[in-house]
Amino acid sequence: MSDKVDNKNSEAGKEGMNRREVLKGLATIPVLGAMAYGAIKKVRFEDNRKSNLKQVVNLSSEDPNMYSYSKSDRQIRIGLIGFGIRGEQLMRAAGFAHPEVIDNLKEASVKNSSDKRYDDYLNQDNLNIVINGVSDVFDYRSERAQLAAANEDREGISGSFLKKAKIYKNWRDLVAADDIDAVIIATPDHWHSKMAIEAARHGKHVYVEKAMTRTIEEAFELKNAIKEANIVFQLGHQGRQTESNLKAREAINKGVIGNVNLIEVCTNRNSPNGAWVYDIHPDANENTIDWQQFEEPCEVKHPFSLERFFRWRCWWDYGTGLSGDLLTHEYDAINQIMDLGIPDSAVASGGVYFYKDKKAGHYINEVREVPDVFQVSFDYKDRDLTLLYSASLASNMERGKMIMGHDGYMDLGNTLNIYADRESTKYSDKIKTGIIKPDLPIYTFIPGRNNVDAVSSPTEQYFAGRGLLYTYRSGKRVDTTHLHIKEWIEAIRESLDTGKTILPSCNINMGFQEAITAHMATIAYREQRTVFWDKENEKIV
Amino acid sequence: MKRFFRGINQDYSNYQLSILVVFRVMIGWHFLYEGITKILNPNWTSVGYLLDSGGLFSGFFKFIAASPELLKLVDFINIYGLTAIGLGLILGLFTQLFTLGGMLLLAFYYLSHPPIIGFNYAIPSEGNYLFVNKTLIEMAGLWVLYLFPTSMKIGLDTFIFKVKN
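These protein sequences, in sequence, are chains A and B.
Each residue of the first sequence is one higher than the last, beginning at 61 in the numbering used here.
Each residue of the second sequence is one higher than the last, beginning at 1298 in the numbering used here.
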């Protein structure tokens, strides 16, 4: 400081400060008192509101513990049938990603440091399994599956691989093989029940993709075969592992939203891939695809068609369209939350309203049979409720699962929000006193909320929003499909170690309910009538 | 030092001095309460805000969000920086330093979510802004306070800088 200031300061020095100057120096301190008073009052108000809400919605704060199986180190030997899009995803979830997939993830993480999918994948648990056999009717895919099966070290294409898995030209030889304990089936739906039944007869444990079967009859046959064989069966609804579904179940059981009278679930997609108009692989031809084997279960045989082979979901001969493919995911989530079982009746509507423009590439030779806009209304008379499914494959408007009750409603995706209804009987006092504000959630659950989320593609976001892609365990992001396969593998170990019958989360009973429900919707659409389920005689009328 | 405290010998009328102090305390209050709410919420993190960034510098802010170590540092600076700046402005303690610190933080907030044409943000805002928003105005307010300091007359700086000699 300059001399002038120094002089001035020394004149006015510490001793020289008069009372007035000292008071002025301290004048703003009381403001802190006001801040402390205000802040404490506000915190108390919020705490009071929270503790009041906690009395209303008292859900557990621990991570859900779904099962506790023995942790023996027995290695499970797997055979895989079907290495299309889903088969490849299942192998990846089981710990055997194709080296190209690893390279793509690695490259994405280098390009964008917030893309954590590569790290997530390397951190995924090792399930202690080995892939001993693979089978696909398209040669390119079976060879690709063989290389993926050799990638237990999760390396890129430059890694070294020992191809141990045997390629089976016919799946029947795979399910009969001695060095296979369990099979994963990811073929088109028309093969599901036949393969699962044959595998069960050979004592193999079964993981099969949804929809469980293509027809009603197959659902009965498969249920009986699995029960007779006493093997561990898991249906591929990975939503069973989603934490928000488990929270929603707890909330429903505790009566948080009162009597549920209407549930609305939806599917929205808007891309050729999302509508199953997949690319035709350049290596595909009559020599590389075993068309005869592909068509074997069909009552009416069709001439070789690349369009039918790659886009099989568009025809009734191989699948059941929206009902088997996407309604089942939504239904199974609600069944998991509310134990709905098979509905009393189903009505359906819709049609092929968009994917019929040849010039736009919607089809090559044959317009699809399965609808791209589809609505189903299921009624549950004993439960006094309706389950509504609404789908469009040509609009991306995002709609969550909505469960509506007299006292409140919940909006459920990967996150869960519960609101009180303003006319609720149960909450009327608390709404009057202002403890509950109907426009604010009374409960919110966001899994992994403290984590940095990786950048995902729109399709991934779609699935993640519906709990179909990722869930969180102890704040760590994990693939739900991985958790679903893991549960199955651990259930197999438990069954082999103890000899007991083990029913995992999406077992044959759940699968049977899923299949019958989906088929009621398909029949209602195709026959344009109300379809009823005769509970006593277990048949559709 | 002299330059840093430029204006200390300026004579304000009592009216001018009072309004400048009220202004200083109000901005200080805003900073302090932002800091306190973050201290009280153990789950608070700047990650959502950073990921929501847009405009020319969004890459920089998203880079911070993606790095756990940097994010920790940025969270720390936000929580305790806001609190310290708030206290400094209210008490009139090291006021010039905290005023500059406050301007720096506000500059980052402004640049992470610039109200320029073509960008909309998930973080809700209560008004309509084009180029100028409340963050920028608050920054200009601190600039005014920096050039018209008051803490040597009303504030703890009175004692510190006088006792020193």
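Virtual Cβ for every residue (Gly too), placed ideally from N, Cα, C.
A quick note: this is a predicted structure, and the numbers were derived from the prediction, not measured.
Once DSSP output is grouped into helix, strand and coil, what is the label at residue i?
| i | result |
| --- | --- |
| residue 177 (chain A) | helix |
| residue 594 (chain A) | strand |
| residue 511 (chain A) | Confidence at residue 511 (chain A) is low in this model, with a pLDDT of 37, below 50, so its placement is unreliable and the value that follows should be read with caution. Looking at residue 511 (chain A) - three-state DSSP - the assignment turns out to be coil, as it is neither helix nor strand. |
| residue 527 (chain A) | For residue 527 (chain A), the predicted structure reports a pLDDT of 49, less than 50, and the residue's modelled location is therefore unreliable. A value from the coordinates is still provided. Residue 527 (chain A) falls in the coil class under three-state DSSP. |
| residue 537 (chain A) | strand |
| residue 1344 (chain B) | helix |
| residue 113 (chain A) | helix |
| residue 599 (chain A) | strand |
| residue 1457 (chain B) | helix |
| residue 1429 (chain B) | strand |
| residue 459 (chain A) | coil |
| residue 519 (chain A) | Any answer about residue 519 (chain A) is weak, because its pLDDT of 45 lies below 50 and its placement is not dependable; what the coordinates show is given next. Here residue 519 (chain A) sits in helix by DSSP. |
| residue 261 (chain A) | helix |
| residue 487 (chain A) | coil |
| residue 479 (chain A) | strand |
| residue 102 (chain A) | helix |
| residue 385 (chain A) | helix |
| residue 71 (chain A) | Its pLDDT being 45, under 50, residue 71 (chain A) is placed unreliably by the model, and nothing is read from it. |
| residue 90 (chain A) | helix |
| residue 1435 (chain B) | helix |
| residue 1424 (chain B) | coil |
| residue 428 (chain A) | coil |
Please state whether the Cβ-Cβ distance between residue i and residue j is less than 7 Å.
| i | j | result |
| --- | --- | --- |
| residue 364 (chain A) | residue 340 (chain A) | no |
| residue 22 (chain A) | residue 179 (chain A) | In the structure as shown, chain A starts at 61 and stops at 601, and residue 22 (chain A) therefore has no counterpart that could be examined. |
| residue 578 (chain A) | residue 446 (chain A) | no |
| residue 283 (chain A) | residue 105 (chain A) | no |
| residue 103 (chain A) | residue 502 (chain A) | no |
| residue 255 (chain A) | residue 208 (chain A) | no |
| residue 562 (chain A) | residue 194 (chain A) | no |
| residue 400 (chain A) | residue 394 (chain A) | yes |
| residue 1386 (chain B) | residue 1324 (chain B) | yes |
| residue 1435 (chain B) | residue 1402 (chain B) | no |
| residue 476 (chain A) | residue 307 (chain A) | yes |
| residue 217 (chain A) | residue 159 (chain A) | yes |
| residue 468 (chain A) | residue 320 (chain A) | no |
| residue 136 (chain A) | residue 242 (chain A) | yes |
| residue 280 (chain A) | residue 405 (chain A) | no |
| residue 553 (chain A) | residue 134 (chain A) | yes |
| residue 257 (chain A) | residue 285 (chain A) | yes |
| residue 1411 (chain B) | residue 1356 (chain B) | no |
| residue 252 (chain A) | residue 268 (chain A) | yes |
| residue 297 (chain A) | residue 270 (chain A) | yes |
| residue 433 (chain A) | residue 415 (chain A) | no |
| residue 1409 (chain B) | residue 1350 (chain B) | yes |
| residue 542 (chain A) | residue 225 (chain A) | no |
| residue 1376 (chain B) | residue 1336 (chain B) | yes |
| residue 575 (chain A) | residue 436 (chain A) | no |
Within the continuous beta strand (DSSP E) that includes residue i, where are the two ends?
| i | result |
| --- | --- |
| residue 423 (chain A) | No beta strand (DSSP E) holds residue 423 (chain A); DSSP gives it neither H nor E. |
| residue 293 (chain A) | 293 to 295 |
| residue 471 (chain A) | 468 to 472 |
| residue 166 (chain A) | No beta strand (DSSP E) contains residue 166 (chain A), which is instead part of the alpha helix (DSSP H) from 159 to 171. |
| residue 505 (chain A) | 503 to 505 |
| residue 155 (chain A) | First-last for residue 155 (chain A): undefined, no H or E at that position. |
| residue 445 (chain A) | 445 to 452 |
| residue 1318 (chain B) | Note, residue 1318 (chain B): premise wrong, no beta strand (DSSP E); alpha helix (DSSP H) at 1311 to 1337. |
| residue 139 (chain A) | 136 to 141 |
| residue 243 (chain A) | 242 to 245 |
In the DSSP assignment, what are the bridge partners of residue i?
| i | result |
| --- | --- |
| residue 553 (chain A) | According to DSSP, which records beta bridges pairwise, residue 553 (chain A) is partnered with nothing at all. |
| residue 409 (chain A) | A:435 |
| residue 464 (chain A) | A:322 and A:469 |
| residue 21 (chain A) | The structure shown does not extend to residue 21 (chain A), since chain A spans only 61 to 601, so no value can be given for it. |
The alpha helix (DSSP H) spanning residue i covers which residue range?
| i | result |
| --- | --- |
| residue 266 (chain A) | Premise fails: residue 266 (chain A) lies in the beta strand (DSSP E), 265 to 268, not in any alpha helix (DSSP H). |
| residue 82 (chain A) | 79 to 86 |
| residue 568 (chain A) | 568 to 586 |
| residue 368 (chain A) | 366 to 370 |
(request) For the stretch 271 to 357 of chain A, list the alpha helix (DSSP H) runs that are entirely contained and at least 4 residues long, ordered along the chain. (result) 276 to 289, 303 to 313 and 351 to 355
(request) Tell me the start and end of each unbroken alpha helix (DSSP H) in the stretch 189 to 236 of chain A that is at least 4 residues and wholly inside, in chain order. (result) 199 to 209 and 231 to 236
(request) Ignoring anything shorter than 4 residues or poking outside the stretch 1361 to 1396 of chain B, list the alpha helix (DSSP H) runs there in chain order. (result) 1365 to 1373 and 1379 to 1388
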